[in-house]
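A.B. asks: Numbering (the working numbering), first residue to last: 15 to 229. We put the beta carbon where it would ideally sit given N, CA and C, even for glycine. Here the structure is a predicted model, which is why all the values come from computation and not from measurement. Provided herewith is a single structure, encoded as structure tokens, for subsequent inquiry.
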């Protein structure tokens, strides 16, 4: 059984470090934010976030903001990341039970790998894929498609776990079962969605899915 996880809002909460780094970047560049900064903005790719906050698509301005954000977040900000309840136990259990685990995230590759190493999770995952480091993908749907092809994963034995509507769409486009977690950044359930309220529920569901796939 193959489980592809979103990262931010699904396994971790990195909003504190991201918001701090964004605020520092705007202050350093002396640019005024056009909308209030809050944790509801966490999740989209960095460039998209900076465009929303600055109100401009000027490449020079966005590049300057991005450079300052990366300098702050990639050195110290990522260490402010917290783990959602019982996620580490769940990952350990899935790994020990032979699940193949992957990450497909909008988060940049460098801080993603630093966070996994920081928590000692690197060995849990067979593949870690970030949108900025995958030339073949321009959105989450294409990123998941790339993961499936790269590892020759069957859709009937693969599940995508995420916390947002775009995550659901990405799973649907690729013919994957989707499980939404209720503790993330954008919990909104549609009819027919399967969702879980805790990591223990998610673990139980994935174990059941694996057992069903073997029968």
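#1: What three-state label does DSSP hand residue 47 in the structure shown?
#2: Taking the C-alpha atoms as reference points, what is the distance between residue 48 and residue 72?
#3: In the DSSP output, what is residue 192 paired with across the bridge?
#4: Hey, how far is the Cα of residue 172 from the Cα of residue 216?
#5: Under 8 Å: do the segment 26-33 and the segment 80-100 share three or more Cβ pairs, one atom per stretch?
#6: If you reduce the DSSP assignment to three classes, tell me which class residue 25 lands in.
#7: In whole angstroms, give me the CA-to-CA distance for residue 122 and residue 183.
#8: Between which two residues does the beta strand (DSSP E) holding residue 116 run?
#9: Looking at residue 157: is its Cβ nearer than 8 Å to the Cβ of residue 118?
#10: Under 8 Å, with one C-beta from each stretch per pair, do the segment 34-42 and the segment 76-89 reach the 3-pair mark?
#11: First and last residue of the alpha helix (DSSP H) that includes residue 161?
#12: To the nearest angstrom, report how far apart residue 136 and residue 154 are at their CA atoms.
#13: Helix, strand or coil for residue 96, going by three-state DSSP, please let me know.
#14: Smallest Cα separation from residue 187: which of 196, 198 and 169?
#15: Start and end of the beta strand (DSSP E) containing residue 19?
C.D. replies: In this structure, then:
#1: coil
#2: 14 Å
#3: 174
#4: 14 Å
#5: yes
#6: coil
#7: 20 Å
#8: 114-119
#9: yes
#10: yes
#11: 154-164
#12: 21 Å
#13: strand
#14: 169
#15: 16-19
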